[in-house]
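Residue numbering for the sequence shown follows our numbering, beginning at 1 and increasing consecutively.
All residues carry an ideal CB built from backbone N, CA and C; glycine is no exception.
Following: one structure in structure tokens, then a few remarks.
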Amino acid sequence: GDTGSLVCGFIVSILAIQFIEMGNGTGQPFGNVAPAVTLGILFVPLFDTLRVFTLRALAGKSPFSPDKNHVHHRIMALGFSQISTVLLLGLLSAVVILFVISFSHLGNLALIGALVVFGVLLSVFLGVYQSRVDRRQVASS
1 GDTGSLVCGF IVSILAIQFI EMGNGTGQPF GNVAPAVTLG ILFVPLFDTL
51 RVFTLRALAG KSPFSPDKNH VHHRIMALGF SQISTVLLLG LLSAVVILFV
101 ISFSHLGNLA LIGALVVFGV LLSVFLGVYQ SRVDRRQVAS S
């Protein structure tokens, strides 16, 4: 429920802050890019939240109003099952984490910039692909 989600979010935020703070010490693995690694780990939920808040604000709605614009709703509307959707989002998260770790030598600014660009491109792709699917459904009915 909502209460459990809030508790989980609170715990994850504390762990993220602790990871970033531990990275400030010398000799820690990925210490110099701890903020970027943290954003990589949290990419999917942060991307979803920012995307939905932006879409709602652009539509003149409260960012806290419910709708079916979350990434998992969009993926399921494309015909994927719940299990496939979870696996796809897990794969996306793993790819982003591997990207951030693999290119950690680029530094925080470049990695965070790359994550922002990837998030924008992913959001555009979801919007374009969904609108094409919607048009096909209208044309076939």
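- Pairing MET76 with THR54, the inter-Cα distance amounts to about 21 Å.
- Along the stretch 55 to 90, the alpha helix (DSSP H) occurs as fully enclosed runs of 4 or more residues at 71 to 77, listed in sequence order.
- The beta carbon of ASN24 lies closer than 8 Å to those of GLY31 and ALA34 in the same chain, with the five residues before and after it left out.
- Counting only residues of its own chain and dropping the five nearest sequence neighbours on each side, LEU115 has a CB closer than 8 Å to the CB of ALA36, LEU39, GLY40, PHE43, VAL96 and VAL100.
- In the structure shown, the three-state DSSP call for ASN24 is coil.
- Rounded to the nearest angstrom, the gap between the Cα atoms of LEU87 and PHE80 is 10 Å.
- Boundaries of the alpha helix (DSSP H) around GLY40: 34 to 41.
- Put simply, the backbone Cα of GLY119 is about 15 Å away from that of ASN69.
- In this structure, SER123 keeps its C-beta atom at 8 Å or more from the C-beta atom of ARG74.
- Around the beta carbon of ASP48, 16 or more other beta carbons sit within 10 angstroms, so the residue counts as buried.
- Residue burial is scored here from C-beta neighbours: LEU98 has fewer than 16 other C-beta atoms within 10 angstroms and is therefore classed as exposed.
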